[in-house]
Amino acid sequence: MVHLVTAVIKPHRLEDVKDALRAAGVMGMTASEVQGYGRQGGKSEVFRGAEYAVAFVPKVKIEVLVDTADVDQVIDLIVKTGRTGKIGDGKVWAVSVDRLVRVRSGESGTDAL
Amino acid sequence: MNKRLQRLRLKETRRLWAVLLAGKMLGLLGVLALMKGFTWYTATHAGAGTLGDVTHQANDVINPLNTMWVLVTAFLVFFMQAGFMALEAGFARSRETVNVLLECIFDTCLCGLLFWAFGFAFMFGAGNGLIGHQYFFLNGAPDTYGTTGVAFMAYFLFQFAFADTCSTVTSGAMVGRTGFKGDIWYSIAVSGFIYPIFGHWVWGPGGWLSTMSPHFLNSFTHGAVFRDFAGSTVVHTVGGFIALWGAMALGPRLGRRFKRDGGGPMPPHDLTMGSIGAIILWFGWYGFNPGSTLSAMDFTGMGRVATNTTLAACAGGMAAILFVYPRSRKWDLGMACNGLLGGLVAITCPCYWVNTTGAVIIGAVAGIVVPLGVDLLEHWRIDDPIGAVAVHGFAGIWGTLSLGLFATGAYGLPTPDGVDTSTTVKGLLFGGGLDQLKAQAIGSLTCVVVISLVSIMLFWLVDLTRTLRVPAEGELEGIDLHEHGTHAYHMEFGQGSSFSTFPSTRLPLSHGNGAPEPEPDPPIPAKEPV
């Protein structure tokens with residue numbers, strides 16, 4: 025069985041999270057730039073002395089496919105390395121994956137990890 | 327062709343041609359008449375005057391012309407700010423762009439006011455060999471500066487543009503982590519004190535390096551004095567070495583890993599901006615070097631300096647590209663920019679006294695000094711995002727020394743009304759012996775030692791105020807947001823460029839398009855997850 029772990033984190037934590045996952049043997053990751061808001065509801069920036077509201081704050085979303093047995097460990101790792109302790113550190117969640125196939129070889133399931 | 331012949335047969339076309347031809351003839355006649363009239367005027371009026379009148383009338387033409395030249399080149403040198411902004415911003419990361427741009431603009435405003443208040447007085451006022459003290463706030467300024475015959479205010483503007491260049495060079499190596507308050511403190515020191523006072527030693531009236539006034543130095547160089555035509559040392563080595571100590575005092579940007587630790591440079595975010603900046607700087611250098619004749623009457627000198635400047639830049643860029651290619655097997659744009667700038671920095675000192683072959687060699691060597699300098703900083707784990715230390719510091723030293731090797735001995739000094747060949751500058755390779763080289767080495771060494779000592783003190787003092795470096799979280803978030811509250815590039819959501827795809831070719835990848843067949847990838851060995 026395979027799980028998809030998705031995390032939304034601060035952009036500058038990406039490198040550290042990637043290094044930690046790689047060191048732990050997670051062999052692939054997809055990262056995308058996303059924008060969003062949480063409980064804080066955005067923030068404000070300044071241009072020519074005037075403040076303006078930024079409703080959607082830039083974040084990075086990472087998606088990692090892992091063996092179900094490793095899910096908890098991977099989530100803990102992302103939480104540990106992605107945390108700054110400040111508002112806006114993001115969230116991590118996991119869902120089970122019905123089907124997974126490697127495009128090049130046609131391998132499926134955990135073989136495709 | 328046929329159509330044109332057909333058109334010629336039309337009556338209207340023939341008429342048009344006749345009118346055009348008649349107009350040209352009239353114009354030609356006018357020019358001939360003007361030439362005749364001018365000869366007559368000079369023969370009767372100027373020739374009939376007394377000697378005093380002649381000088382007076384000559385100065386009426388010469389001084390305005392020289393002033394025009396100095397003003398035009400001052401404007402060009404000022405435009406180098408745009409080049410620096412584009413180069414530094416382009417070579418930096420996108421998160422530190424606003425900071426780079428504002429530092430350049432702020433430095434320019436600050437430098438102008440400081441140079442007006444006391445910088446110019448320290449540098450170009452009369453005083454002793456160490457510092458000038460005349461013309462504070464430009465008080466008591468005469469119409470023309472010294473014996474140059476150039477309007478005082480034009481001369482001031484030209485020198486301000488130079489001072490501004492020096493202070494901007496410094497910020498290049500300190501991109502991305504210098505707190506803005508810290509930047510203000512060290513900028514005041516650089517453009518208000520360090521540059522003007524060191525500049526006085528070389529360019530100011532009676533500066534000790536320009537006269538080699540300590541007796542033992544004078545006898546050591548047999549009367550040869552330190553010469554720096556447009557500022558390889560005064561502007562670039564000074565700026566480059568302050569930048570070096572600044573980068574060392576700050577430490578690298580967070581996350582910057584060096585080559586021997588298995589890392590590499592942080593990639594630039596906009597090479598279009600960066601390379602256009604390099605070319606704008608090259609363009610501005612046509613003010614920097616040729617303008618330093620301060621005299622439009624020395625027209626052969628102006629031409630020689632401009633051509634030498636160009637050739638050194640060409641050779642520098644070319645040498646850097648070819649030097650780096652065997653290493654990476656890639657044609658390197660960033661190093662080409664730094665290489666041509668290195669060539670320009672190097673030729674800045676000797677541009678007036680060398681021939682074109684000399685200029686090409688000086689530029690080419692600079693184009694190799696720059697990549698080697700970049701390697702050295704990488705080895706020392708110093709984070710210089712722009713390459714300011716290698717380009718301005720190291721190439722500046724090479725350029726300063728190169729005068730002692732390549733000066734031909736055929737050229738003297740520019741004067742307000744032409745050339746003065748009573749003192750010429752001759753280097754080692756042209757049979758001038760070691761004297762000029764010794765003088766250059768003394769000047770360059772003095773610069774490196776003095777500027778290093780002063781910089782160490784300066785950055786230690788700024789560090790005491792705890793304003794030198796931004797806090798880690800501000801740096802990670804991006805200095806733009808932390809110090810200035812805004813990003814440089816606001817991409818509207820959904821309007822970004824990340825949605826384009828490669829066009830569909832519907833061709834098998836391996837054949838049919840003439841390209842060599844790609845090797846099939848070997849299977850990737852599976853790794854046990856923990």
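Protein sequences, first through last, are from chains A and B.
Sequential numbering of the first sequence, starting at 25, is according to the numbering used here.
Sequential numbering of the second sequence, starting at 327, is according to the numbering used here.
C-beta atoms are modelled at their ideal positions from N, C-alpha and C, and glycine is treated no differently.
Keep in mind the model is a prediction, meaning the values are calculated, not measured.
Whose C-alpha, out of A:Glu-69, A:Val-127 and A:Val-88, is nearest the C-alpha of His-813 of chain B? Comparing Cα positions, the closest option is A:Glu-69.
Does Phe-482 of chain B have its Cβ less than 9 Å from a Cβ in chain A? No, its Cβ sits nowhere closer than 9 Å to a Cβ of chain A.
Tell me whether Trp-679 of chain B sits in a helix, a strand or coil according to DSSP, three-state version. coil
I'd like to know if Thr-92 of chain A contacts chain B, where contact means its C-beta is closer than 9 Å to some C-beta of that chain. no
Can you list, in chain order, the residues of its chain whose CB lies under 6 Å from that of Ser-621 of chain B, leaving out five sequence neighbours each side? Asn-392, Pro-740 and Pro-742
Can you say whether Trp-764 of chain B is buried or exposed, counting buried as having 16 or more other CB atoms within 10 angstroms of its CB? Reading off the sequence shown, one finds Lys at residue 764 of chain B, where the question assumed Trp. Classification of Lys-764 of chain B: buried, given that the 10 Å Cβ count is 16 or more.
Distance, His-548 of chain B Cα to Gln-485 of chain B Cα: 31 Å
Look at the Cβ atom of Pro-711 of chain B, then the Cβ atom of Met-592 of chain B, and state whether they are nearer than 9 Å. yes
According to DSSP, is Val-121 of chain A part of a helix, a strand, or is it coil? strand
Distance, Cα to Cα, Ile-782 of chain B vs Val-495 of chain B? 17 Å
Between which two residues does the beta strand (DSSP E) carrying Lys-85 of chain A extend? 81 to 91
Residues of the segment 802 to 814 of chain B whose Cβ lies closer than 9 Å to any Cβ of chain A, in chain order: Residues passing the 9 Å Cβ filter: Leu-802, Glu-803, Gly-804, Leu-807, His-810, Gly-811, Thr-812 and His-813.
What did DSSP end up calling Leu-784 of chain B once you bin it into helix, strand or coil? helix
Exposed or buried, Trp-527 of chain B, counting other C-beta atoms within 10 Å across all chains shown (16 or more means buried)? Under this definition Trp-527 of chain B is a buried residue.
Just how far apart, CA to CA, sit Gly-518 of chain B and Gly-581 of chain B? 34 Å
Output the distance between the C-alpha atoms of Ile-431 of chain B and Thr-537 of chain B, rounded to the nearest integer angstrom. 36 Å
For the putative contact between Gly-416 of chain B and Pro-531 of chain B, defined by C-beta atoms under 8 Å, what is the C-beta separation to the nearest angstrom? Not quite, the Cβ-Cβ distance comes to about 40 Å (not below 8 Å), so this is no contact.
Rank B:Thr-339, B:Ala-499 and B:Phe-450 by C-alpha distance to the C-alpha of Ile-523 of chain B and give the top, closest one. Closest by C-alpha distance to Ile-523 of chain B, out of B:Thr-339, B:Ala-499 and B:Phe-450, is B:Phe-450.
Grouping DSSP H, G and I as helix and E and B as strand, with all else coil, what is Leu-428 of chain B? helix
Verify the CB distance criterion: does Glu-87 of chain A have a CB-CB separation below 9 Å to chain B? no
List, in order along the chain, the chain A residues whose C-beta lies closer than 7 Å to that of Gly-581 of chain B? Per Cβ cutoff of 7 Å: Glu-39.
Need the endpoints of the alpha helix (DSSP H) that Gln-97 of chain A sits in, please. 95 to 106
Are Val-671 of chain B and Gly-744 of chain B close, meaning C-beta to C-beta below 9 Å? no
Should Val-32 of chain A be flagged as near chain B, meaning a C-beta pair shorter than 9 Å? no
Please tell me whether Ser-120 of chain A and Val-26 of chain A are closer than 9 Å, where the distance is taken between their beta carbons. yes
Checking 9 Å against the spacing of the C-beta atoms, do Phe-404 of chain B and Gly-498 of chain B come in under that value? no
Here's the rule I'm using: 16 or more other beta-carbon atoms within 10 Å means buried, otherwise exposed. How should Phe-720 of chain B be labelled? buried
With 9 Å set as the bound, which would you pick, yes or no: does the beta-carbon of Glu-799 of chain B sit closer than that to a beta-carbon of chain A? yes
Helix, strand or coil at Val-551 of chain B according to DSSP, with G and I counted as helix: coil
Specify the secondary structure class of Phe-450 of chain B as computed by DSSP and reduced to three states. Helix.
So which residues on chain B does Val-26 of chain A lean against when the C-beta distance must stay under 7 Å? Residues of chain B whose Cβ lies closer than 7 Å to the Cβ of Val-26 of chain A do not exist, since the nearest Cβ in that chain is about 12 Å away.
Go ahead and label Arg-37 of chain A buried or exposed: buried means 16 or more other beta carbons lie within 10 angstroms of its beta carbon, across all protein chains shown. buried
Could you check how far apart the C-beta atoms of Phe-732 of chain B and Val-691 of chain B are, in whole angstroms? I think they sit under 8 Å. Actually they are not in contact, since the Cβ atoms of Phe-732 of chain B and Val-691 of chain B sit about 10 Å apart, beyond 8 Å.
Residue-level contact to chain B via CB, Lys-110 of chain A, 9 Å cutoff: yes
Against chain A, does Asp-709 of chain B count as a neighbour if the rule is that its beta carbon must be under 9 Å from one of theirs? So, not an interface residue.
Between B:Thr-682, B:Val-717, B:Met-661 and B:Ile-605, which has its C-alpha nearest Ala-408 of chain B's C-alpha? B:Ile-605
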